[in-house]
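Novice: Take the sequence shown: its letter number 318 is residue 318 in UniProt numbering, and every next letter is one higher.
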Amino acid sequence: MDKPFIITIAQINPKVGDLKGNLDLIRRVRDEAPKHANLIVFPELVITGYPPEDLLLKQSFLDGVDSIIDTLVEESRGRATAMLITAPSWNRENKCLYNAVHLIHQGHILATQTKHDLPNYGIFDEHRYFKSGPLPEPMSFMGLKLGVMICEDMWYPEVADNLKAKGADILIVSNASPYEGHKHDIRYQHARLRATKTGLPLIYVNQFGGQDELVFDGASFMMNETGQVILQCEEFVEEFQDLTLVERRANGSWLIATEDMHPVHSETESMYQAVMLATRDYIHKSGMKDVLIGMSGGIDSALVAAIATDALGSAHVKCVMMPSPYTSEDSIADATDCARKLGVHFETVSIEPMMNALKASMPDLSGLAHENMQSRIRGTILMSMSNQSGAIVLTTGNKSEIAAGYSTLYGDMCGGFNPLKDLYKTQVYNLATWRNSAKPVNALGPEGEIINERILTKAPSAELRPDQKDQDSLPPYDVLDEILMGIIEDDLGIDDLVARGHEPAMVGRVNQLLDRAEYKRRQSAPGPKISPRAFGRDRRYPIVNGYVEKS
1 MDKPFIITIA QINPKVGDLK GNLDLIRRVR DEAPKHANLI VFPELVITGY
51 PPEDLLLKQS FLDGVDSIID TLVEESRGRA TAMLITAPSW NRENKCLYNA
101 VHLIHQGHIL ATQTKHDLPN YGIFDEHRYF KSGPLPEPMS FMGLKLGVMI
151 CEDMWYPEVA DNLKAKGADI LIVSNASPYE GHKHDIRYQH ARLRATKTGL
201 PLIYVNQFGG QDELVFDGAS FMMNETGQVI LQCEEFVEEF QDLTLVERRA
251 NGSWLIATED MHPVHSETES MYQAVMLATR DYIHKSGMKD VLIGMSGGID
301 SALVAAIATD ALGSAHVKCV MMPSPYTSED SIADATDCAR KLGVHFETVS
351 IEPMMNALKA SMPDLSGLAH ENMQSRIRGT ILMSMSNQSG AIVLTTGNKS
401 EIAAGYSTLY GDMCGGFNPL KDLYKTQVYN LATWRNSAKP VNALGPEGEI
451 INERILTKAP SAELRPDQKD QDSLPPYDVL DEILMGIIED DLGIDDLVAR
501 GHEPAMVGRV NQLLDRAEYK RRQSAPGPKI SPRAFGRDRR YPIVNGYVEK
551 S
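#1: Could you tell me which whole alpha helix (DSSP H) segments of length 4 or greater appear in the segment 461 to 521?
#2: Are the Cβ atoms of Ala-274 and Pro-528 separated by less than 8 Å?
#3: With distances taken Cα to Cα, identify the nearest neighbour of Ser-384 among Ile-494, Cys-414, Pro-363 and Ala-360.
#4: What do you get for Val-65, buried or exposed, if any count of 16 or more other CB atoms within 10 angstroms of its CB means buried?
#5: If we ignore side chains and look at the alpha-carbon of each, how far apart do Ile-431 and Tyr-272 end up?
#6: Near Arg-376, which residues of its chain fall below 7 Å by C-beta distance, leaving aside the five closest residues on each side in sequence?
#7: Jot down the residue ranges of each uninterrupted beta strand (DSSP E) in the segment 281 to 337, minimum 3 residues, whole runs only, in chain order.
#8: Would you please state the rounded distance, in angstroms, between the beta carbons of Ile-332 and Met-321? I believe it to be under 8 Å.
#9: Report the residue ranges of all alpha helix (DSSP H) runs contained in full by the segment 25 to 83; include only those spanning at least 4 residues, in chain order.
#10: Rounded to whole angstroms, what's the CA-CA distance from Gly-17 to Ser-296? Just pull it up for me.
#11: Who does Phe-221 pair with in a DSSP beta bridge?
#12: Using CA coordinates, which residue listed in Ser-524, Ala-302, Gly-445 and Ser-301 is at the minimum distance from Leu-312?
#13: On the criterion of 16 or more Cβ atoms from any shown chain inside 10 Å, does Glu-453 qualify as buried, or is it exposed?
#14: Between Pro-542, Pro-476 and Met-355, which has its C-alpha nearest Leu-464's C-alpha?
#15: Quick one: grab the DSSP three-state call for Tyr-406.
#16: Where Tyr-326 and Ala-360 are concerned, what is the direct C-alpha to C-alpha distance, given to the nearest angstrom?
#17: So, with DSSP's three-state summary, where would you put Lys-145?
#18: Taking the alpha-carbon positions, what's the Trp-254 to Glu-239 distance?
#19: Could you check the C-alpha separation between His-370 and Gln-523 for me, to the nearest Å?
#20: For the segment 80 to 155, which segments carrying the beta strand (DSSP E) assignment without a break, of at least 3 residues, lie completely within its bounds, in sequence order?
#21: Quick one: is Val-544 buried, meaning 16 or more other Cβ sit within 10 Å of its Cβ, or exposed?
#22: Rounding to the nearest angstrom, what Cα-Cα distance links Leu-55 and Asp-217 in this structure?
#23: Between Gln-113 and Val-73, is the Cβ-Cβ spacing less than 8 Å?
#24: Out of Gln-106, Met-261 and Lys-318, point me to the one whose CA is closest to Arg-77's CA.
#25: Terminal residues of the continuous alpha helix (DSSP H) containing Thr-433?
#26: To which residues of the same chain is Ala-308 closer than 7 Å at the C-beta, ignoring the five residues directly before and after it?
#27: Return the residue from the list Asp-538, His-284, Pro-138 and Ile-483 that minimises the CA-CA distance to Asp-422.
#28: DSSP on Glu-352, reduced to helix/strand/coil?
#29: Quick check on this structure: which residue in Ile-172, Ala-176 and Glu-93 has the alpha carbon closest to the alpha carbon of Thr-48?
#30: Where do the N-terminal and C-terminal ends of the alpha helix (DSSP H) with Glu-371 fall, by residue?
#31: Could you tell me which whole beta strand (DSSP E) segments of length 3 or greater appear in the segment 168 to 214?
#32: So what's Glu-401 in DSSP terms, helix, strand or just coil?
#33: Less than 8 Å between the beta carbons of Ser-174 and Val-205, yes or no?
#34: Assuming Ser-531 and Glu-180 are in contact, meaning their beta carbons sit under 8 Å apart, how far apart are those beta carbons, in whole angstroms?
#35: Round the Cβ separation of Leu-484 and Ala-403 to the nearest angstrom and send it over; I've been treating them as touching at under 8 Å.
#36: Which two residues bound the contiguous beta strand (DSSP E) that contains Val-393?
See below:
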């Protein structure tokens, strides 16, 4: 390498399936990149978006991907800057599909490497679509040997070790790595192992944005050969960073010039940013603009209203209070206060006339059926408003309630998206308290207190009967959440949780509630994955299940 080599990190937000839109996004990055840049590195499967799922089984889709690659190759003629583009690649000889990265420069694909380590756990299902490629070799470009890896390749030593053995000068990782709590630390840990063992600097490029139940945080970075982070991109935003390999020192290490070091957010702020971005992208990428929220005067609907306003702006949020004879004046006042502070549209629709009409038709309705009828009336009102206006209903159940089945099918579970789906009740309180004291980056809502003290401190209640409290049916949320986290996140059994100090009867009851509610969860709205073990593809249990765990 005779002169400094400049690499541009492209932390962008592709849309799954939007081949033309993603091509335009790549073109914008390419055209706006500094003219002196030698290489632009894009995230994993940038042409298709990630994860494309069974779109990869459509030949017409794969043909469209090939056409985009051909277009990018043709448009690269006469351009000084090369691109690393990752895309599905059909191998006609062995008739299989690879997850491949192409080095494109001046009208040619100079090199192609395929992903070796395919993830097949949690939300990942790459063995369904791709064949594992051989251990890749470095790509030679402008006097450098680029050791290119694709996402999971970095999580194990074989690929990096092979690239080092074959003479790589630098490790470059193209990623579509979803957010979850403490993911930064995990990425740093694996990257540091690869960098320090090989003695090579490592560039980690990740996408950002929401896709169905996944949210990607970006947070791209670079480490030097000692494992020190020397460049850190912002989380949850589009960002382009240039870094320069200035020269090789006598000891073989690189003198590297970088630009910014954005601090990593606190766990609470990252969590809020994740649900805000997931909500924004789910609505906008679906071609929608507006949302409806059923307000109760409680903490869950207040937080969802805040998230929606921050994500979409107050003009695109409508909150509906639907009081019954059991709704307290405080709840009406609290819902009104929250909506006023957010500046959103607010409407009150009493459900009492509909309750009376149903009671007249079904005079024997009582107990739980009478309570659930109220919830289903509210769901019907919201879905009717949704049909009329085209707005998407955001449902407001938290992970604790969804786990325990403390929700009503076709009632409060009605909706197209649930920002709180993977947040336990105790986390909901933490996020609400944090949002009162801070306004997130890129939030469109107001500053200052949004959720008043009474909402934060009053005992949670569904208000479906006189003097009802959640704790009439559930353990205290701090106890419930600790037990649920043990079962869901850590796969602990009843005896394990009893050994941690929980009452055997309480643990058994919570475990039973969790098992019995599986049929409800299968019918629940999608929501962003925040934890390592979200409901859905992360945790797959049968609905009809004869196994009963005993202590």
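Glycine included, each C-beta is placed from N, C-alpha and C at the ideal position.
A quick note: this is a predicted structure, and the numbers were derived from the prediction, not measured.
Specialist: In short:
#1: 477 to 488, 494 to 499, 504 to 516 and 518 to 521
#2: Locating residue 274 in the sequence shown gives position 274, where the first residue counts as 1. Locating residue 528 in the sequence shown gives position 528, where the first residue counts as 1. Yes, they are a contact pair.
#3: Position 384 of the sequence shown, counting from 1, holds the residue named residue 384. Measuring from the Cα of Ser-384, the nearest candidate turns out to be Cys-414.
#4: Here residue 65 refers to the residue found at position 65 of the sequence shown. If you draw a 10 Å sphere on the C-beta of Val-65, you find 16 or more other C-beta atoms in it, and that means buried.
#5: Here the question's residue 431 lines up with position 431 in the sequence shown. Here the question's residue 272 lines up with position 272 in the sequence shown. Correcting the residue type first, residue 431 is Leu in the shown sequence and not Ile. Their backbone Cα atoms lie some 7 Å apart in a straight line.
#6: Here residue 376 corresponds to residue number 376 of the sequence shown, with the count starting at 1. Only Thr-408, Tyr-410 and Gly-411 meet the Cβ criterion.
#7: 291 to 295 and 317 to 321
#8: The sequence position of residue 332 within the sequence shown is 332, counting from 1. The sequence position of residue 321 within the sequence shown is 321, counting from 1. The C-beta separation of Ile-332 from Met-321 comes to about 6 Å, placing the pair in contact by the 8 Å criterion.
#9: 59 to 75
#10: Counting from one through the sequence shown, the residue named residue 17 turns up at place 17. Counting from one through the sequence shown, the residue named residue 296 turns up at place 296. Straight-line Cα distance between these residues: approximately 37 Å.
#11: Residue mapping note: residue 221 aligns to position 221 of the sequence shown, counting from 1. Looking at the DSSP assignment, Phe-221 forms a beta bridge with Tyr-204 and Gln-232.
#12: Against the sequence shown, residue 312 aligns to sequence position 312. Of the candidates Ser-524, Ala-302, Gly-445 and Ser-301, the one whose C-alpha sits nearest the C-alpha of Leu-312 is Gly-445.
#13: Along the sequence shown, one-based indexing puts residue 453 at 453. Of the residues assessed, Glu-453 falls on the exposed side of the cut-off, its CB having fewer than 16 other CB atoms within 10 angstroms.
#14: The sequence position of residue 464 within the sequence shown is 464, counting from 1. Nearest option by C-alpha distance: Met-355.
#15: Indexing the sequence shown from 1 puts residue 406 at position 406. Looking at Tyr-406 - three-state DSSP - the assignment turns out to be coil, as it is neither helix nor strand.
#16: By one-based count along the sequence shown, residue 326 stands at place 326. By one-based count along the sequence shown, residue 360 stands at place 360. When rounded, the distance between both Cα atoms is 18 Å.
#17: Taking the sequence shown and counting its residues from 1, one reaches residue 145 at position 145. Strand.
#18: As a working note, residue 254 is residue 254 in the sequence shown. As a working note, residue 239 is residue 239 in the sequence shown. Each residue's Cα considered, the two are about 24 Å apart.
#19: Reading the sequence shown from its first residue, position 370 is the one you call residue 370. Reading the sequence shown from its first residue, position 523 is the one you call residue 523. Spanning the two alpha carbons is a distance of roughly 22 Å.
#20: 82 to 91, 96 to 105, 108 to 114, 139 to 141 and 144 to 150
#21: Within the sequence shown, the letter at position 544 stands for residue 544. Counting the other Cβ atoms within 10 Å of the Cβ of Val-544 gives fewer than 16, which makes it exposed.
#22: Locating residue 55 in the sequence shown gives position 55, counting from the first residue. Locating residue 217 in the sequence shown gives position 217, counting from the first residue. C-alpha separation (whole angstroms): 24 Å.
#23: Counted from its first residue, the sequence shown places residue 113 at position 113. Counted from its first residue, the sequence shown places residue 73 at position 73. Taking 8 Å as the cut-off, the Cβ atoms of Gln-113 and Val-73 do not count as close.
#24: The residue you call residue 77 lines up with position 77 of the sequence shown. The residue with the shortest Cα to Cα distance from Arg-77 is Gln-106.
#25: Numbered from its first residue, the sequence shown carries residue 433 at position 433. Thr-433 -> alpha helix (DSSP H) spans 425 to 437.
#26: For the purposes of this step, residue 308 is taken as residue 308 along the sequence shown, with counting starting at 1. Hits under 7 Å: Thr-279, Val-291, Ile-293, Val-317 and Leu-394.
#27: Stepping through the sequence shown from its first residue, residue 422 is reached at position 422. Ranking the options by Cα distance to Asp-422, first place goes to Asp-538.
#28: For the purposes of this step, residue 352 is taken as residue 352 along the sequence shown, with counting starting at 1. Look at Glu-352 here: in three-state DSSP terms it is helix.
#29: Locating residue 48 in the sequence shown gives position 48, counting from the first residue. Residue Ala-176 is the option with its Cα nearest to Thr-48.
#30: Translated into positions along the sequence shown, residue 371 becomes position 371. 367 to 389 is the span of the alpha helix (DSSP H), which, as asked, contains Glu-371.
#31: Within the segment 168 to 214, the beta strand (DSSP E) runs of at least 3 residues that lie entirely inside it are, in chain order, 170 to 175, 202 to 206 and 208 to 211.
#32: Translated into positions along the sequence shown, residue 401 becomes position 401. Reduced to three states, the DSSP call for Glu-401 is helix.
#33: Here residue 174 refers to the residue found at position 174 when the sequence shown is read from its first residue. Here residue 205 refers to the residue found at position 205 when the sequence shown is read from its first residue. A contact, by the Cβ cut-off of 8 Å.
#34: For the purposes of this step, residue 531 is taken as residue 531 along the sequence shown, with counting starting at 1. For the purposes of this step, residue 180 is taken as residue 180 along the sequence shown, with counting starting at 1. Going by Cβ atoms, the distance from Ser-531 to Glu-180 rounds to 6 Å, so yes, they are a contact pair.
#35: As a working mapping, residue 484 is identified with position 484 in the sequence shown. As a working mapping, residue 403 is identified with position 403 in the sequence shown. Confirmed, Cβ separation roughly 5 Å.
#36: As a first step, residue 393 is located in the sequence shown; it is residue number 393 there, counting from the start. Here the beta strand (DSSP E) through Val-393 covers 392 to 394.
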